[in-house]
Amino acid sequence: MSPFLTGRRAATALVTAALLVPLAACSGGSGDNAKKDSDGGSGSTTKLTVLAAASLTDVFQKAGAVYEKEHPGTKVTFSFAGSQELAAQVKQGAPADALVTADTKTMDGLKADTGAPTVIAKNRLVIATGKGNPKKVGALADLADSKLKVVLAAPEVPVGRYSKKVLDAQKLTVKPVSQEPNVRAVLSKVELGEADAGIVYKTDAATAPKKVDAIDIPDAQNAVASYPAATLKSSQHSAAAAAFVKWLSTLEAQKLLQDAGFQKP
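Its first residue numbered 24, the sequence shown is counted upward by one per residue in this note's numbering.
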């Protein structure tokens with residue numbers, strides 16, 4: 024072999040090696056950074072997904088902002104729906120970290136999927152009417168008037184179950200024009216004038232004071248809704264999820280809840 028070819032191959036090998044060194048260094052650095060992010064190293068963000076009852080929409084959005092400010096390494100995303108829908112999502116394996124329902128019955132049915140629940144708040148029912156109460160609704164008994172368009176939540180929804188309970192206790196037969204999948208849908212029907220009245224939580228009526236009136240239901244005729252919170256066993260961030268659930272019982276979180284009209288647990 025000629026000395027020229029031998030020298031040329033040697034030079035080529037040196038150039039190739041020189042090019043591979045920085046590429047290898049870049050590859051190693053990317054791997055380390057990826058591992059650090061996946062392990063929750065410095066500079067990484069823990070993303071929590073919380074499944075929450077629709078009636079918590081407004082207050083939890085505020086609570087989430089406060090929590091993120093106090094815990095800069097955590098990002099909280101909420102998914103709001105009727106508690107029965109949330110339970111179905113959990114059973115189907117939806118990726119989430121914590122769950123807050125509007126009743127203990129739904130939570131109790133998920134014992135195999137959750138940690139020990141803690142009740143963080145309570146709520147009561149009111150009758151929502153159009154602003155100014157044009158139909159002059161004054162009590163539960165008025166909802167039995169066939170001339171009145173009443174909307175209720177479906178019986179499998181916690182607020183629908185509570186509504187049925189209080190109406191049955193008064194031996195009232197109410198034929199709703201529709202049965203909705205969650206309490207916010209009931210409220211929306213009344214807000215839009217598609218119903219004359221509906222039964223919602225006190226806190227939901229309080230979110231739309233310019234659009235609806237809230238008619239109180241006496242305690243003796245009312246139902247108390249409890250809101251349990253729990254971590255999900257499938258969570259990929261169990262420690263962070265537990266920290267958030269625990270925070271919901273702190274004085275700061277409780278003030279947010281009570282300012283929104285929820286009662287102490």
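Glycine included, each C-beta is placed from N, C-alpha and C at the ideal position. This structure is a prediction, so every number in the text was calculated from the model and none was measured.
Locate the beta strand (DSSP E) running through Leu71, then write down its first and last residues. Here the question's residue 71 lines up with position 48 in the sequence shown. Thr69 to Ala76 is the extent of the beta strand (DSSP E) around Leu71.
Counting C-beta neighbours from all protein chains within 10 Å, is the total for Asp191 16 or more, i.e. buried, or is it exposed? If you number the sequence shown from 1, residue 191 lands on position 168. Classification for Asp191: exposed.
From the DSSP output, in three-state form, read off Lys145 for me. Looking up residue 145 in the sequence shown gives position 122. Lys145 falls in the strand class under three-state DSSP.
Over the uninterrupted beta strand (DSSP E) stretch that includes Lys98, give me the two end residues. Residue mapping note: residue 98 aligns to position 75 of the sequence shown, counting from 1. Lys98 -> beta strand (DSSP E) spans Thr97 to Ala104.
Using the Cα positions of Gln193 and Tyr90, report the straight-line distance between them to the nearest angstrom. Looking up residue 193 in the sequence shown gives position 170. Looking up residue 90 in the sequence shown gives position 67. Their backbone Cα atoms lie some 42 Å apart in a straight line.
Could you please give the first and the last residue of the uninterrupted beta strand (DSSP E) stretch that includes Glu203? Counted from its first residue, the sequence shown places residue 203 at position 180. From DSSP, the beta strand (DSSP E) with Glu203 extends over Ser201 to Glu203.
Determine the direct distance from the alpha carbon of Ala86 to that of Ala283, and round the result to whole angstroms. In the sequence shown, residue 283 corresponds to position 260, counting from 1. In the sequence shown, residue 86 corresponds to position 63, counting from 1. Rounded to whole angstroms, Ala283 to Ala86 spans 11 Å at the Cα level.
Between the alpha carbons of Pro2 and Val113, how many angstroms are there, rounded? Given a span of 24 to 288 for the chain in the structure shown, any question on residue 2 remains unanswerable.
Touch check for the segment 234-245 and the segment 95-107: three-plus C-beta pairs under 8 Å? no
My output table needs one value for Asp165: the three-state DSSP class, helix, strand or coil. One-based indexing of the sequence shown puts residue 165 at position 142. Helix at Asp165.
Determine contact between the segment 209-218 and the segment 169-179, defined as no fewer than three beta-carbon pairs at a distance below 8 Å. yes
Contact defined as beta carbons within less than 8 Å: I believe Pro251 pairs with Thr127. What is the distance between those atoms, to the nearest angstrom? Working through the sequence shown from its first residue, we reach residue 251 at position 228. Working through the sequence shown from its first residue, we reach residue 127 at position 104. Going by Cβ atoms, the distance from Pro251 to Thr127 rounds to 6 Å, so yes, they are a contact pair.
Bridge partners of Ile150, per DSSP? Taking the sequence shown and counting its residues from 1, one reaches residue 150 at position 127. DSSP, once it has assigned bridges, lists Ile222 and Ile238 as partnering Ile150.
Does the segment 120-134 come into contact with the segment 71-84, if we say contact requires no fewer than three beta-carbon pairs (one atom in each stretch) closer than 8 Å? yes
Among residues of its own chain, excluding the 5 on either side of Lys287, which ones have a beta-carbon nearer than 8 Å to its beta-carbon? What you label residue 287 is simply residue 264 of the sequence shown in a count that begins at 1. Excluding sequence neighbours, Lys287 sits near Ala144, Lys145, Gln277 and Gln281.
Contacts around Lys234, its chain only, beta-carbon distance under 6 Å, and the 5 residues preceding and following it disregarded: Along the sequence shown, one-based indexing puts residue 234 at 211. Here the set comprises Lys154 and Glu214.
What is the C-beta distance between Leu163 and Ala220, in whole angstroms, given that I count them as a contact (C-beta under 8 Å)? Residue numbering aside, residue 163 sits at position 140 when the sequence shown is read from its first letter. Residue numbering aside, residue 220 sits at position 197 when the sequence shown is read from its first letter. Not confirmed; about 10 Å, so no contact.
Report yes if the CB atom of Asn245 is closer than 9 Å to the CB atom of Glu108, and no otherwise. Within the sequence shown, numbered from 1, the residue matching residue 245 stands at position 222. Within the sequence shown, numbered from 1, the residue matching residue 108 stands at position 85. It is not a contact, given that the beta carbons lie outside the stated cut-off.
Going by CA-CA distance only, name the one from Gln115, Thr152, Leu148 and Val142 that's closest to Asp136. The residue given as residue 136 occupies position 113 in the sequence shown. Nearest C-alpha to Asp136: Gln115.
Bridge partners - Val123, DSSP secondary structure assignment: Reading the sequence shown from its first residue, position 100 is the one you call residue 123. DSSP lists Ala75 and Ala252 as partners of Val123.
Whole-angstrom distance between Ala111 and Leu195, CA atom to CA atom: The residue labelled residue 195 in the question sits at position 172 within the sequence shown. The residue labelled residue 111 in the question sits at position 88 within the sequence shown. Distance between the alpha carbons of Leu195 and Ala111 is about 31 Å.
Other residues of its chain near Phe285: CB distance less than 8 Å, five sequence neighbours each side excluded: Translated into the one-based positions of the sequence shown, residue 285 becomes position 262. Cβ within range, chain order: Val82, Ala144, Lys145, Asn146, Thr226 and Tyr250.
Just to confirm my understanding: we take Ala253, look at its own chain, exclude 5 residues before and 5 after, and list those with CB closer than 6 Å. What are they? Counting from 1 along the sequence shown, the entry for residue 253 is found at position 230. Excluding positions up to five away in sequence, the list reads Leu122, Thr137, Gly138 and Pro140.
Taking the C-alpha atoms as reference points, what is the distance between Ala104 and Val200? Against the sequence shown, residue 104 aligns to sequence position 81. Against the sequence shown, residue 200 aligns to sequence position 177. Going from the Cα of Ala104 to the Cα of Val200 covers about 21 Å.
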